[in-house]
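Just so you know, we're using this note's numbering here: the sequence shown kicks off at 6 and counts up by one. Heads up: the structure comes next, in C-alpha cells.
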Amino acid sequence: MKFKENDTVRILCKKDENINIGDIGVIIMTFEYPNEAYEVEIVDENGNFKTDSTFKSNELELIKEI
Numbered sequence: 006m007k008f009k010e011n012d013t014v015r016i017l018c019k020k021d022e023n024i025n026i027g028d029i030g031v032i033i034m035t036f037e038y039p040n041e042a043y044e045v046e047i048v049d050e051n052g053n054f055k056t057d058s059t060f061k062s063n064e065l066e067l068i069k070e071i
C-alpha cells in the first residue's frame, strides 16, 4: 500500500464536476483487492466536506503522512 488511512493527499486527476486537479483530501479507507485503491474524503479551501470518491494510487500525491 502506498498510502494509509488519515494521510492527506492532493488529487492529480479530474474525476467529475465536483473533483478537480489540486483538490485536497484525506484517505478514509484503503483497498487491496481486487486492486489497490483509496477512498478519499475531499474538502474545500475552508476544510469543509466537499465530496468523496475512490482513486487509484497514481491519481493521488501524498501531502502529509500520519
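By construction, the Cβ of each residue, glycine as well, lies at the ideal position given by its N, Cα and C atoms. This one's a predicted model, so the numbers in the text were calculated from it and none came from an experiment.
N-terminal and C-terminal residue of the beta strand (DSSP E) that residue i is part of
i	result
Gly27	Unbroken run through Gly27: none, as it is neither H nor E.
Rounded straight-line distance, which links the Cα of residue j to that of residue i
i	j	result
Lys61	Asn23	17 Å
Ile68	Glu10	13 Å
Ser58	Glu50	18 Å
Met34	Asn25	20 Å
Phe8	Arg15	12 Å
Lys19	Pro39	23 Å
Ile70	Thr13	Sequence check: residue 70 is Glu here, not Ile. Rounded to whole angstroms, Glu70 to Thr13 spans 6 Å at the Cα level.
Ile32	Ile47	9 Å
Cβ-based burial, residue i [other Cβ within 10 Å; buried from 16]
i	result
Phe54	exposed
Phe5	This structure cannot settle anything about residue 5, because the visible part of the chain is limited to 6 through 71.
Asp21	exposed
Glu64	buried
Per DSSP, the bridge partner or partners of residue i
i	result
Ser58	Val45
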